[in-house]
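Trainee:
There are 4 protein chains.
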Amino acid sequence: MIRAGIVGGTGYTGVELLRILANHPEAHIHTVTSRADAGKRVDEMYPNLRGFVNTVFDEPSVKSISACDVVFFATPNGTAMRMAEALLEQGVKIIDLAADFRLSDPTIWERWYGEPHVCPDLLREAVYGLPEVNRDRIRTARLVANPGCYPTAVQLGLLPLVEQQLIQMDGIIADAKSGVSGAGRKAEIPMLMSETGESFKAYGVKGHRHLPEIRQGLEQASGEPVGLTFVAHLLPMIRGIHATMYAKLHGHQAVDLQNLFEAHYRNEPFVDVLPAGSHPDTRNVRGSNRCQIAVHRPQDGDTVVVLSVIDNLVKGAAGQAVQNMNLMFGLEETSGLRSVALYP
Amino acid sequence: MIRAGIVGGTGYTGVELLRILANHPEAHIHTVTSRADAGKRVDEMYPNLRGFVNTVFDEPSVKSISACDVVFFATPNGTAMRMAEALLEQGVKIIDLAADFRLSDPTIWERWYGEPHVCPDLLREAVYGLPEVNRDRIRTARLVANPGCYPTAVQLGLLPLVEQQLIQMDGIIADAKSGVSGAGRKAEIPMLMSETGESFKAYGVKGHRHLPEIRQGLEQASGEPVGLTFVAHLLPMIRGIHATMYAKLHGHQAVDLQNLFEAHYRNEPFVDVLPAGSHPDTRNVRGSNRCQIAVHRPQDGDTVVVLSVIDNLVKGAAGQAVQNMNLMFGLEETSGLRSVALYP
Amino acid sequence: MIRAGIVGGTGYTGVELLRILANHPEAHIHTVTSRADAGKRVDEMYPNLRGFVNTVFDEPSVKSISACDVVFFATPNGTAMRMAEALLEQGVKIIDLAADFRLSDPTIWERWYGEPHVCPDLLREAVYGLPEVNRDRIRTARLVANPGCYPTAVQLGLLPLVEQQLIQMDGIIADAKSGVSGAGRKAEIPMLMSETGESFKAYGVKGHRHLPEIRQGLEQASGEPVGLTFVAHLLPMIRGIHATMYAKLHGHQAVDLQNLFEAHYRNEPFVDVLPAGSHPDTRNVRGSNRCQIAVHRPQDGDTVVVLSVIDNLVKGAAGQAVQNMNLMFGLEETSGLRSVALYP
Amino acid sequence: MIRAGIVGGTGYTGVELLRILANHPEAHIHTVTSRADAGKRVDEMYPNLRGFVNTVFDEPSVKSISACDVVFFATPNGTAMRMAEALLEQGVKIIDLAADFRLSDPTIWERWYGEPHVCPDLLREAVYGLPEVNRDRIRTARLVANPGCYPTAVQLGLLPLVEQQLIQMDGIIADAKSGVSGAGRKAEIPMLMSETGESFKAYGVKGHRHLPEIRQGLEQASGEPVGLTFVAHLLPMIRGIHATMYAKLHGHQAVDLQNLFEAHYRNEPFVDVLPAGSHPDTRNVRGSNRCQIAVHRPQDGDTVVVLSVIDNLVKGAAGQAVQNMNLMFGLEETSGLRSVALYP
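Chains as they are written, first to last, in our numbering: chain Y, 1 to 344; chain W, 1 to 344; chain D, 1 to 344; chain G, 1 to 344.
#1: Only counting the same chain, and skipping five residues up and downstream in sequence, which positions put a Cβ closer than 7 Å to that of Arg-215 (chain W)?
#2: Against Asp-272 (chain W), what residues of chain D qualify as contacts under a CB-to-CB distance less than 9 Å, listed in chain order?
#3: Counting only Cβ pairs nearer than 8 Å, list the residues of chain D close to Ser-339 (chain W).
#4: At the 8 Å Cβ level, is Ile-189 (chain D) part of the contact set with chain Y, yes or no?
#5: Suppose you measure from the CA of Leu-103 (chain W) to the CA of Asp-121 (chain W); what does that come to, to the nearest Å?
#6: Name the chain W residues that come within less than 9 Å of Glu-132 (chain D), Cβ to Cβ?
#7: Is Ala-145 (chain D) near the ligand NAP, in the sense that its beta carbon is under 7 Å from a heavy atom of that ligand?
#8: Measuring alpha carbon to alpha carbon, tell me which of W:Glu-195, W:Asp-69, W:Gly-287, W:Leu-21 ends up nearest Leu-88 (chain W).
#9: Per the DSSP calculation, Ile-173 (chain G) is bridged to which residue(s)?
#10: Pick out the complete alpha helix (DSSP H) segments inside the region 77-119 of chain G, 4 residues or longer, and give them in chain order.
#11: Count Cβ pairs between the region 88-102 of chain W and the region 141-156 of chain W that sit closer than 8 Å; are there 3 or more?
#12: Output the boundary residues of the alpha helix (DSSP H) element that contains Ser-222 (chain G).
#13: In angstroms, rounded to a whole number, what distance separates the CA positions of Leu-123 (chain W) and Arg-185 (chain G)?
#14: With 8 Å as the threshold, decide whether the Cβ of Asn-312 (chain D) is near any Cβ in chain W.
#15: If we ignore side chains and look at the alpha-carbon of each, how far apart do Thr-334 (chain D) and Val-7 (chain Y) end up?
#16: Within a Cβ cutoff of 6 Å, which residues of the same chain sit near His-210 (chain G), ignoring the five residues on either side of it in sequence?
#17: Consider the Cβ of Val-309 (chain G): report whether some Cβ of chain Y lies at a distance smaller than 8 Å.
#18: Does the region 46-57 of chain Y come into contact with the region 231-251 of chain D, if we say contact requires no fewer than three beta-carbon pairs (one atom in each stretch) closer than 8 Å?
#19: Threshold first: 3 residues or longer. Then list the beta strand (DSSP E) segments lying entirely within the region 3-38 of chain D, N to C.
#20: Run through chain G and tell me which residues come within less than 7 Å of Ala-202 (chain D), C-beta to C-beta.
#21: For Ser-66 (chain G), does the three-state DSSP call read helix, strand or coil?
#22: Do the region 272-287 of chain Y and the region 105-112 of chain Y touch if we need at least three Cβ pairs shorter than 8 Å?
#23: Taking the alpha carbon of Val-271 (chain Y) as the point to measure from, which residue in Y:Glu-26, Y:Arg-41, Y:Pro-160 has its own alpha carbon closest?
#24: Contact defined as beta carbons within less than 8 Å: I believe Ser-66 (chain W) pairs with Gln-90 (chain W). What is the distance between those atoms, to the nearest angstrom?
#25: Based on Cα-Cα distance, which residue from G:Thr-31, G:Glu-59, G:Ile-172 lies nearest to Gly-39 (chain G)?
#26: Measuring straight from C-alpha to C-alpha, what distance separates His-24 (chain G) and Ser-199 (chain D)?
#27: At what residue ranges does the region 250-336 of chain D contain a whole run of the alpha helix (DSSP H), taking only runs of 4 or more?
#28: Identify every residue that forms a DSSP beta bridge with Leu-122 (chain D).
#29: Could you tell me whether any Cβ in chain W is nearer than 8 Å to the Cβ of Ile-238 (chain D)?
#30: I'd like the span of the beta strand (DSSP E) that includes Leu-143 (chain G), first residue to last.
#31: How is Ser-194 (chain D) classed by DSSP in three states: helix, strand or coil?
#32: Just tell me which of D:Arg-19, D:Glu-262, D:Trp-109 has its CA closest to the CA of Ala-27 (chain D).
#33: In chain G, what lies closer than 8 Å to Leu-17 (chain W) by C-beta?
#34: Return no unless some Cβ of chain W is closer than 8 Å to the Cβ of Thr-196 (chain G).
#35: Measuring only between beta-carbons, confirm whether Gly-319 (chain D) sits less than 8 Å from chain G.
#36: For Val-53 (chain D), which of helix, strand or coil comes out of DSSP?
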C-alpha cells in the first residue's frame, strides 16, 4: 500500500482527496495536515468521512510528512514550493494541486503570482500532470504539477485541433463557467449563497491566472504563439466546469471533426467524446474523473465550437491528482477512480 | 386608463405582464385569456396575484379582445400572426411577445420557424420593439414585435461597437446563458429541477432561432453582412440572462470603449453602463427592466469583451413589452417600470 | 417627506430597506451609515440601486442621525440600545430591526443575548412592532422593536388559535425553515454556497433566540404559560420562511378553522388566509410584505397544522419596519409596500 | 455473479440502481426494461453510464425477465403486483421499490392506493425490506417490499424510542422534507425548476401515502396504536430527505437518549448516530446508503427531537434495495455500497 500524505486537508480539494483515497485499493492515507485544525478529528469536520477516515489533522512538518511515499499539496499557492526540495531529498514524491509548478518560466510565474519563485530549478524538473499529454513523463516524475481546473477542461477540448494545426492560433476564445467550489473553502462574502445563488457573472476578465497556463499548454502542443481570450464565469451551483471554446478553422476545410476527436481520445480512460450533435451536461461527470467533450461546426461554417465538461474537484483537481499518483507508482491508471457520476 | 388584454396569460411572460400591469398607474388589465384554463380564477393559479388581479381567464376570441386598446400576445409562435389582421382592423394595437413579427424577411422566418408566414404584409408594417433602436417608430406603430430575450441582451451589448463600425463583422461570438424560466411553463422532462438543477449545458449549438434575429439587428445597424456564432446555455437558476460577447477591433485602435458605451446609452432609462472594470451580475437586474453592461479589453489587446445582463422575463419580455406600450400610447416611458431589482 | 436614516446599511436588511424606501412616495433616505464602508458609494456596493440611491455611506454618529425623523437600526444586536436614549431625546423615532427591544423582561434578554441590557427602562416603553397585534400602540410609539423573522411567521400562524384558546398551550411545535439570507451578510464558511447549496439541516435545536420572543407573544395573547418546541432549519435558497406549526385542539371540537382564520385576518392588508386545502409556497410572497397562511386538520383528527410563509427580509424585517413607520407617522399602512411577489 | 434485472429502468430509482449495480462486485445487470424506450441505448439516455452500462432498454416481459436471479421493480405503483406471481413461480426473487407490497393489510392498501390489491396472498409472504428491523426475514425472503423514502428516514429515527416504549404513542409529529428527485422523472409543471427552485412548500397535508406505512412500522415495533401526524415538504434541491421528529417522553425521565440511540444502532453498517449536539446535514449522505441521526432534548424538557437524514434515492430507494439483495443472496451486506458521500 502506498502511504499518501495530504498537506492542507481542510479545503475542498483536500476533502475530495480524502473521499477518493478512502476507497483506493492500493493507497492509504498516512497523514493529513492542517495548521489551523491540528488535533481535530477529520470526521468531526467532515461527517461524510465517518467510518472511512479515522484520524486527526496533524501539524504540517517535513518530519511528519517525510514518512510518506507521496504527498499531495492541497494548499494555497506558494506553499509547496517552500517544502518541495526538502521532501524530494527524503525520497518523497510530490503532487502539487496548487499552481507553484505549473508554469515552466519563472518570470511568467512571478508576473501572475506576485512574488519570485523560490525554486526555479525544480520548475525545470516538474512535470505538468495532464496525463493525456505527458503520460510517460509523469510515470517517472518525482514532482508533478497538477493542472488547474479550467486549464484541464480547456486544453482537453482544444488539443485535438491544436496538435493537428487545424485552427487559427491567434484568435481562440475560451468562455468557461465554474461551480462555486472552485473558489475554495474560505470565509468570503462574495461566495455566500445569498451572493452566488440564483445569479451569474463573469470575473477576472482583465486577466485570470489560468490564462498563461492554458496558453503554455497550447503553445507546446502547436509550436506556435497563441492568442487566447479566456473569460471565467461563476455558476450558481457547487461542482462542475463547462468550457465553450470557439476557433476558426484554417480555410473552409472538409475535415471530419467528430472522427478527429474520437481518434485522438480513443484510448483515454477519462476523456469521453460524445456522439455528434451532443451537448455535454456537467451533471453527467459530477463526482467522476471524466471529461466529456462534444465538437460542433454550426451551420457548417468555419467556426468550430467545442464543449468540454469536468467536475472541477475531480478531473479538475483531486481525481486527476490520484490519476497522476497511479501513473507515478505503476498502478492501473483508473485505480480508485471508477465511480459513476451522480445523476440526478 | 389604457385597457390592456393579454392573450395566453398562463405562461411565465403572461404572469409577468400581470405582475407589472397590476401596479401600472395608467393601464389596467381588461382581459386575460387562456384556452386551457378558461373560467379559472387567475389568482388561484398564481397566488402571488391575490388582491391584485381579481378576474378569471377568458376564452380567447377576437370579440372579447377587441374591446382592448392594446393586446399583448404571450402565446406560442404562430398564434399572433393568425389574429393580428382582425384585431388591427378593430383598431386594437398589438404587441407580440412571440416571434411572429420579429424577422422582416418571410423566407427567413419560414426557414427557422418551419411554416410559411400567414401575413407577410404585416411583417413589413411591424416595428421591431427595441426602443433603444426604434423608439420613434414604436411611438407610431400599430404592431410591435417584442424582441427575444437573448437578442435584447446581445444587441444592446454590441450596438455601440457595430454602429461605429469598430469591429470585424465576420467573426462575432455571442456566448449567452439563460435561466430556466426562458424555456417557459411547459411540462417537459428536460426542464425538471432534477434535470436542470446543479448542472449546466449548452443547447441548440447547431442553430438557435434567435440567431437570425440578432443577425438582422446587427446588419441593420452596421449595413454590413454579419458573421455571428451564437451559443445558448442553460443556467441552474430561474431568472436572468448573461451574454458574453467577443469581437475583434479593426486594427489595434486607441478608442476609449468605456466612453463610447457611456455616451451611446447616456439618455437611455433602461440601459446602464457600469463603471470600467465591472462585471455585471444577473441578480442586480432581477425583476427590473434594466440592462447592465460592462465593456472590457483584456490585456489591452484587439479583442473586446462585452458583458450584458437582463432579466429575461422583464427587459427580455414583459417589461420591454410594457415599455413599448408606454411609447405607443404617449406615456412616460418608465411608467410602471421603476421597481428596484430584488437583491439578494 | 419623512426623513429616514438607516444605521448599518450594508447588511441584507439594510439594503432591503433601501430598496423599499427608494420607491416610497412619502419618505426619503436622509442618511445611510456604515462604520466599515464610510465614504463608499452605496450603489458601488449594491449596483441594483444605481439611479435610485445616489449617496455614500456615512460614519454612524448621533449627530449625523439626529436630523432624521425616524431611524432604522439594521445593526447587530446590542447596537441600538446604546444609541436609543440619545436619539429619542433629540425627537428621533426609532425602529430597531435587531433584538434589543423585543423581550420585555431584561433578565430573559440577558440570559439569551449574553450581556445585561443597558437601558431596561426603554424596554418598558418599546412597542413590539407586530401591527396585527399592536397596531394602535405602534401609532403612538417613539420606539418600536421590529419582530424577528421566525417570530413573525410563527405568531401570525398561531395567534387565531391562541387568542381563542382553542389549543393545548403546553405542547406547541413550530418547525420553521428559512432561506440563507436570514443569516446575514457575514463572511462565514458555513454560509458559503458550497456548504448550504443542495443541502438541508436543522440548527440551534438546543435553543434558538427566537424561542423566548415567540413564547412571549403567545403568552401575552393567551394569558397562559406556553410550552413551545421551536426548531429552525436552513433552506438551500435565499429568501423565504416557511413555518409548519402543530398543536392539539382542546377536545375533538367542531370548530371551523378556516372561518376562524379568515375572520381573524379579514381586515389585515398583509395577512392572506389561503382557501381551504392550500399549501402556501414561499415564492408567492418573495419580495412582498405579505404573510400567506393555510390551516389544516389532517384526517379530521385533533391535531391542527398551520402553514405560514413570509419573505424573511420583507414581512420578516425591512417591509414590516416600513409598515411600522407608516403607522408611526400616520401614513397609509400599505404605502410603499404594494409590490407583487416575484414569481417565478 | 448474480443476474439482476431492472423493470422500469428510466426513472430516477432505475438509473440509481444502474449506477450502483454497475460497480457491484458480485452482481451484473442482465436486463433493463422500459416500455416507452425499448431499443434505445441506456447510455444515450444517461450519459453518466457511458462505459459502464453497454446495453439497450428491453421490452418488459416475464420471458425476458425470468432468466434473472433477482428483479428490481422501479415502476409505478400497481405494476409489480401484476407480474410478481409469475416471476416467483419461475424462481426469480423480487425486490419491489414501489408500494405494492409495503402494507400488509389489503384493505388499507386499497384505501390509500385507490384500487383493490390483485394478490393479497403475496402480501402475507412479502417481507418489509428495512434491514434494521427485518434482517433475518429478508435473508430468506423471495419477495421484498423496499420501504418508501420518508418511511425509511422516519422509522430509523423513531424506532429506538418506540421499541423501548419511552414516548407517548398518540401524538408523534414527523415533519419531513425531501429533495425534488423524490417526485420522479415525470413531465409535470409543478416539478419544473421554475416552480420548485428557490421556493419551499408543504404538500399532501391532508394525507400522504407514506403515513399508513410509517404507522404500520411503528405499531409493529411498539405493539400499540400510533397517533402520527406526518407532513411532507418539497425542498429546492435534488437529493436528500431530512425528517424532524417530535415526541413526548413518558413522564420527565432521566433516560440517556444518546446512549440509547448509539446502543441501538451499534452494529448497523448504514445507520450512523452522530455525537450529542449534532445537526445532520443531507449533503453528508448524498450518494451514500447511510442514514445519519441526531437526538436532542431541548432545554432538558419532556419533548425529544430526532433529526434523521438519508439520500432518498439511495438508502431511501436503490441503495436499500441493493442492501436487501445482498442479504437475500448471502453476500456481504455492504457489498457495492461502500462509496463515500459526495461533499461539497
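We put the CB at the ideal spot given by N, CA and C, even for glycine.
Values in this document were obtained by computation on a predicted structure and should not be read as measured data.
Mentor: The relevant details are as follows:
#1: Position 215 of the second sequence, counted from the start, is the residue given in the question as residue 215 (chain W). Hits under 7 Å: Val-226, Leu-228.
#2: Translated into positions along the second sequence, residue 272 (chain W) becomes position 272. Near Asp-272 (chain W) (Cβ distances below 9 Å), the residues of chain D are Pro-47, Arg-50, Gly-51.
#3: Position 339 of the second sequence, counted from the first residue, corresponds to residue 339 (chain W). Per Cβ cutoff of 8 Å: Asn-23, Ser-339.
#4: The residue you call residue 189 (chain D) lines up with position 189 of the third sequence. Chain Y, which has a Cβ nearer than 8 Å to the Cβ of Ile-189 (chain D), makes this yes.
#5: To locate residue 103 (chain W), count along the second sequence from 1; it is residue 103. To locate residue 121 (chain W), count along the second sequence from 1; it is residue 121. Rounded to the nearest angstrom, the two C-alpha atoms are 12 Å apart.
#6: On the third sequence, residue 132 (chain D) is found 132 positions in, with the first residue counted as 1. Near Glu-132 (chain D) there are no residues of chain W at all, since even the closest Cβ is about 16 Å away, more than 9 Å.
#7: Inclusion of the ligand NAP in the displayed structure is not the case, the ligand content being empty and no account of it being possible.
#8: For this step, residue 88 (chain W) is matched to residue 88 along the second sequence. Nearest C-alpha to Leu-88 (chain W): W:Asp-69.
#9: On the fourth sequence, residue 173 (chain G) is found 173 positions in, with the first residue counted as 1. Bridge partners of Ile-173 (chain G): G:Thr-229, G:Tyr-246.
#10: Those alpha helix (DSSP H) runs which fall completely within the region 77-119 of chain G and span 4+ residues are 80-89, 106-113.
#11: yes
#12: What you label residue 222 (chain G) is simply residue 222 of the fourth sequence in a count that begins at 1. First-last of the alpha helix (DSSP H) with Ser-222 (chain G): 210-222.
#13: The residue you call residue 123 (chain W) lines up with position 123 of the second sequence. The residue you call residue 185 (chain G) lines up with position 185 of the fourth sequence. Using only the alpha carbons, I get a separation of about 41 Å.
#14: Within the third sequence, residue 312 (chain D) is the residue found at index 312, counting from 1. Not one chain W Cβ lies under 8 Å of Asn-312 (chain D).
#15: On the third sequence, position 334 is the one that residue 334 (chain D) refers to. On the first sequence, position 7 is the one that residue 7 (chain Y) refers to. Straight-line Cα distance between these residues: approximately 58 Å.
#16: Residue 210 (chain G) sits at position 210 when you count from the first residue of the fourth sequence. If we look at His-210 (chain G) and ignore the five residues flanking it on each side, its Cβ neighbours are Gly-148, Tyr-150, Pro-151.
#17: Sequence index remark: in the fourth sequence, residue 309 (chain G) carries index 309 (1-based). By this cut-off, Val-309 (chain G) is not an interface position.
#18: no
#19: 27-33
#20: On the third sequence, residue 202 (chain D) is found 202 positions in, with the first residue counted as 1. Near Ala-202 (chain D) (Cβ distances below 7 Å), the residues of chain G are Thr-244, His-279, Leu-307.
#21: Counted from its first residue, the fourth sequence places residue 66 (chain G) at position 66. Three-state DSSP puts Ser-66 (chain G) in coil, outside helix and strand.
#22: Not touching, per the Cβ criterion.
#23: Here residue 271 (chain Y) refers to the residue found at position 271 when the first sequence is read from its first residue. Answer by Cα proximity: Y:Pro-160.
#24: As a position in the second sequence, residue 66 (chain W) is number 66, starting the count at 1. As a position in the second sequence, residue 90 (chain W) is number 90, starting the count at 1. Between Gln-90 (chain W) and Ser-66 (chain W) the Cβ distance is about 4 Å, and since that is below 8 Å, they are a contact.
#25: In the fourth sequence, counting from the first residue as 1, residue 39 (chain G) sits at position 39. Selection G:Thr-31, G:Glu-59, G:Ile-172 evaluated against Gly-39 (chain G) yields G:Glu-59 as nearest (Cα-Cα).
#26: What you label residue 24 (chain G) is simply residue 24 of the fourth sequence in a count that begins at 1. What you label residue 199 (chain D) is simply residue 199 of the third sequence in a count that begins at 1. If you take the alpha carbons of His-24 (chain G) and Ser-199 (chain D), they lie about 27 Å apart.
#27: 257-264, 319-328
#28: Here residue 122 (chain D) refers to the residue found at position 122 when the third sequence is read from its first residue. Within the DSSP bridge table, the entry for Leu-122 (chain D) names no partner.
#29: Locating residue 238 (chain D) in the third sequence gives position 238, counting from the first residue. Interface residue, yes.
#30: Translated into positions along the fourth sequence, residue 143 (chain G) becomes position 143. Leu-143 (chain G) -> beta strand (DSSP E) spans 143-145.
#31: Sequence index remark: in the third sequence, residue 194 (chain D) carries index 194 (1-based). Helix at Ser-194 (chain D).
#32: Here the question's residue 27 (chain D) lines up with position 27 in the third sequence. In terms of CA proximity to Ala-27 (chain D), D:Arg-19 leads the group D:Arg-19, D:Glu-262, D:Trp-109.
#33: Sequence index remark: in the second sequence, residue 17 (chain W) carries index 17 (1-based). Chain-order list of chain G residues neighbouring Leu-17 (chain W): empty, with the shortest C-beta distance near 16 Å, by a criterion of under 8 Å.
#34: Position 196 of the fourth sequence, counted from the first residue, corresponds to residue 196 (chain G). Yes, Thr-196 (chain G) counts as interfacial toward chain W.
#35: As a working mapping, residue 319 (chain D) is identified with position 319 in the third sequence. False, the Cβ-Cβ gap to chain G never drops below 8 Å.
#36: Position 53 of the third sequence holds residue 53 (chain D). DSSP places Val-53 (chain D) in coil when its eight states are reduced to three.
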